[in-house]
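The structure appears right after this line, and notes come after that.
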Amino acid sequence: MAARSPASTVPESSKHHAYSRKQKSLGLLCSNFLSLYNRDGITSIGLDDAASRLGVERRRIYDIVNVLESVGVLARKAKNQYSWKGFEAIPKALQELKADGWKDNCNSFDGNEYSKVSDDEDDDTNGSQNDKSNPGLNPKSSASSKTEHRREKSLALLTQNFVKLFVCTNACLISLDEASKLLLGDAHNLSVMRTKVRRLYDIANVLSSMNLIEKTHTVDTRKPAFRWLGYGESTENCGSAHNSLTTESRKRAFGTDVTNINFKRSKVDSSIGGTLNSNFNKQKQVKYESFVHEVDRSNVEEDPKDGSKSYQFGPFSPVTVARVGASEHSNPRRFHDWESLASAYQPQYQNQALKDLFSHYMEAWKSWYSKVAGKKPIKIS
DNA sequence: CCCTCCCGCCACCCT
DNA sequence: AGGGTGGCGGGAGGG
Numbered sequence: 016m017a018a019r020s021p022a023s024t025v026p027e028s029s030k031h032h033a034y035s036r037k038q039k040s041l042g043l044l045c046s047n048f049l050s051l052y053n054r055d056g057i058t059s060i061g062l063d064d065a066a067s068r069l070g071v072e073r074r075r076i077y078d079i080v081n082v083l084e085s086v087g088v089l090a091r092k093a094k095n096q097y098s099w100k101g102f103e104a105i106p107k108a109l110q111e112l113k114a115d116g117w118k119d120n121c122n123s124f125d126g127n128e129y130s131k132v133s134d135d136e137d138d139d140t141n142g143s144q145n146d147k148s149n150p151g152l153n154p155k156s157s158a159s160s161k162t163e164h165r166r167e168k169s170l171a172l173l174t175q176n177f178v179k180l181f182v183c184t185n186a187c188l189i190s191l192d193e194a195s196k197l198l199l200g201d202a203h204n205l206s207v208m209r210t211k212v213r214r215l216y217d218i219a220n221v222l223s224s225m226n227l228i229e230k231t232h233t234v235d236t237r238k239p240a241f242r243w244l245g246y247g248e249s250t251e252n253c254g255s256a257h258n259s260l261t262t263e264s265r266k267r268a269f270g271t272d273v274t275n276i277n278f279k280r281s282k283v284d285s286s287i288g289g290t291l292n293s294n295f296n297k298q299k300q301v302k303y304e305s306f307v308h309e310v311d312r313s314n315v316e317e318d319p320k321d322g323s324k325s326y327q328f329g330p331f332s333p334v335t336v337a338r339v340g341a342s343e344h345s346n347p348r349r350f351h352d353w354e355s356l357a358s359a360y361q362p363q364y365q366n367q368a369l370k371d372l373f374s375h376y377m378e379a380w381k382s383w384y385s386k387v388a389g390k391k392p393i394k395i396s
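Here it is, written out as structure tokens:
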């Protein structure tokens, strides 16, 4: 493997400083990735390019790219090539995940392990060729069980399922272990569980760098949890906490120093002078527990003029997000979608835990829905 | 000590 | 065969 890449790329002081985990986090890397590509003119992204510009190994780029693709921000174009869809694509992707979530909890025929989650929410209006395998009929579908097995445990799938948890259930807050139990089947094996939890952390880190979720902890217990922040508009006010305080405090410092270059984790640490450069502002993770309110959205008063529509993704400087947000304001329509979906599909979760959780949230949702929509709750089950 | 989660080996897919 | 992908889990940093 030859030598490590020369440190020639390091801009300032070449000395290696103390190893800091935070500076190498997936979340930060993702932020950098986003600020690097979320600008006009960007259409396609080369993984090699990204890796070198961000100063990380390819492997890390895969992690990011996989979750970004899961929420629609990116789409795979070809080997080593992704196309940038932007944050505008998130709402649609989430919508699809939502519909998807209901659907595949319906056709989970036989007692199979995990419901297969349909591929992805792929492209949109733009009808590019985009071959990929034919979605519908495919010859020996079962023969590819090998591949499918792999896919089954992919970061991408896990991400989608994780998101579905919020989106399909209207849950605002889900604790880490709740999520892991639901997503990883019942904790059969401890080590398997551990591995999966690691993945959950990975996912959560990138999702939170996009501000789709936020890390917190449950009110009662101090257990770690994730709060859904959603994509702004009509997100059922989970933490419609996109306001003053949250907005800025959550900002990550990025754009300034692009990189997670150098400083590998290692015991070798020739003394470090004082503190290292301070490009990295230490933004503390926000923790407004005051917002922590459980699912219960019964106190929603259907605020009509909320300023949430002006929400912008990520802590990016407004200039770079130019047209973002201008394209979507499909506010009310999702209600009917929900109604029809709800009555059309009877959600059937495999494991009891998921079922319980679901019905619990469903109750809350129904009352909320009836209030907001001004009609009697639809009957489910 | 336990929780987070970075790192990179190496099994798997594609060409 | 060769290179791109990405599961996986050891083990180190952080609280």
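The C-terminal residue of the first sequence carries number 396 in our numbering, and the numbering is unbroken.
We treat Cβ as the ideally placed atom computed from N, Cα and C, and that holds for glycine.
- Runs of beta strand (DSSP E) with 3 or more residues, each lying fully within the stretch 73 to 119, are found at 89 to 93 and 96 to 99, listed in chain order.
- Judged by DSSP in its simplified three-state form, G61 adopts strand.
- Beta-bridge analysis with DSSP links A240 to S190 and T231.
- Under the three-state reduction of DSSP output, L49 falls in the helix class.
- Rounded to the nearest angstrom, the Cβ distance from R214 to L180 is 14 Å, too far for a contact under 8 Å.
- Counted as a single uninterrupted DSSP element, the alpha helix (DSSP H) harbouring Y216 occupies residues L205 to S224.
- For N176, the uninterrupted alpha helix (DSSP H) segment begins and ends at L170 to V182.
- Here the alpha carbons of R166 and V234 stand approximately 35 Å from one another.
- Contact annotation, I228 with R237: C-beta distance approximately 18 Å; criterion of less than 8 Å not satisfied.
- Take the alpha-carbon of S50 and the one of L244: they are about 20 Å apart.
- Selection L112, V86 and K92 evaluated against F102 yields V86 as nearest (Cα-Cα).
- When DSSP states are grouped into helix, strand and coil, L199 belongs to the coil group.
- Taking E84 as reference, the option from D217, R73, R75 and S98 with the minimal CA-CA separation is S98.
- Rounded to whole angstroms, the separation of the alpha carbons of A114 and L62 is 31 Å.
- Taking every protein chain shown into account, the CB of I57 has fewer than 16 other CB atoms within 10 angstroms, so this residue is exposed.
- The beta carbon of G116 sits closer than 6 Å to the beta carbons of K179 and C183 from its chain, once the five residues preceding and following it are set aside; these are given in chain order.
- Secondary structure note for R166: its alpha helix (DSSP H) is the uninterrupted segment S160 to E167.
- If you ignore the 5 residues before and after N220, its C-beta comes within less than 8 Å of the C-beta of S40, L41, G42 and C45, all in its own chain and listed in chain order.
- Shown here for I79: same chain residues with a beta carbon closer than 8 Å to its own, the five before and five after excluded, namely L41, L44, C45, F48 and V221 in chain order.
- The residues L173, S195, L198 and L199, in chain order, have a CB closer than 8 Å to that of K211 in the same chain once the five nearest residues on each side in sequence are set aside.
- Spanning the alpha carbons of R91 and S35 requires a straight line of approximately 32 Å.
- In the three-state reduction of the DSSP assignment, G42 falls in the helix class, which pools H, G and I.
- Each of E193, A104 and S59 was checked against the Cα of K94, and the nearest Cα belongs to S59.
- One alpha carbon belongs to N53, the other to L191, and they sit about 30 Å apart.
- Secondary structure of A33 (DSSP, three-state): coil.
- Around the beta carbon of K37, a 10 Å sphere encloses fewer than 16 other beta carbons of the protein chains shown; the residue is thus reported as exposed.
- Straight-line measurement puts the Cα of A65 at about 31 Å from the Cα of V207.
- Between L69 and R75, the alpha-carbon positions lie close to 10 Å from each other.
- When DSSP states are grouped into helix, strand and coil, R68 belongs to the helix group.
- Here A104 is buried. Its C-beta has 16 or more other C-beta atoms within 10 Å.
- Taking the CA atoms as reference points, A33 sits about 43 Å from K161.
- Residue environment: L170 is assigned as buried (16 or more neighbouring CB atoms within 10 Å of its CB, all protein chains considered).
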